[in-house]
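Residue 283 is where the sequence shown starts when you use the numbering used here, and the numbers rise one by one after that.
For each residue, glycine too, the CB sits at the ideal point set by N, CA and C.
Only a predicted model underlies this, so the values are computations on that prediction, with no experimental measurement involved.
Working notes, beginning with the structure itself.
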Amino acid sequence: MAMKTDAARSCTVSTPDGPFTIITGHGGSDGAADGVDRTDYVLASGWTAEIAELVGLIHPSLRPSRTEALPEEECDGFLARAVAAVRSYYCGENSAPGDVPVLQVGGPFIERAWSRLREVPAGTTLTYTELARISGNPAASRAAASACARNAAALFVPCHRVRRSDGGIGEFRYGAAVKSALLRREKTPGLE
């Protein structure tokens, strides 16, 4: 089980879709004698400069007690890796965010849905019903929609690749314009 992290680090970068903030921190026990996970993860990310907004999306068991905001030029280690993945994404390497570890806590179905979303290649979309099916419960399309709504790690867990079954763009925490721009950037066919 994941443990609450005392401190996290964040960085906000400019993107064509607006400011994008990443919060990174540690998870639960990694087998170390002291029970502390020294593995870094993206805990939350999204198109906002409001760190508190993103911290509020982090599951209470992982929510940091404080977050150190760093300018991009001072980012190092894992935070720099996450920032580089976002930069690479915006330079056309659409799969780059998928290589960065993410840690989120939800129920078994929701965690499976987040994991399956990370397997959806750029340039393709699926419906909430299809996400439910590949997540192990074909009848759980509402739960699949909930997994997208509860996703704290936008772009790293690409919930923007899920559309409504009628082909519509669907909802997105950061707005339909950002979702459409991301799908166009990924050269997704069939955009309206």
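Partner residues in the beta bridge of E350, as assigned by DSSP, are R291.
By the neighbour-count criterion, in which 16 or more other beta carbons inside 10 Å mark a residue as buried, R291 falls on the buried side. In the three-state reduction of the DSSP assignment, V382 falls in the coil class, being assigned neither a helical nor a strand state. Residue environment analysis places S417 among the buried positions, since at least 16 neighbouring C-beta atoms fall within 10 angstroms of its C-beta. Between the alpha carbons of A331 and V295 lies a gap of roughly 9 angstroms.
Residue range P390 to L399 is occupied by the alpha helix (DSSP H) that includes F391. S343 sits in coil when the DSSP states are folded into three classes, being neither helix nor strand.
By the 16-neighbour rule on beta-carbons within 10 angstroms, T406 is exposed. Minimum Cα-Cα distance from R394 among the listed residues C373, V368 and R432 corresponds to R432. The three-state reading of DSSP puts A364 in helix, counting H, G and I together. Rounded to the nearest whole angstrom, the C-alpha separation of P440 and L399 is 6 angstroms. At a Cβ-Cβ threshold of 8 angstroms, D288 and S347 count as neighbours. Under DSSP, D299 forms no beta bridge with any residue. Closest by C-alpha distance to D448, out of Y371, N419, Y410 and A435, is Y410.
Straight through space, the alpha carbons of A351 and Y372 are spaced by roughly 22 angstroms. In the DSSP assignment, A326 is bridged to I305.
For the set T321, H308 and D381, the Cα lying nearest the Cα of F438 is the one of D381. Around T306, the same chain offers A290, R291, S292, D322, Y323, V324, L325, F360, L361 and A364 as residues with beta carbons nearer than 8 angstroms, after the five sequence neighbours per side are excluded.
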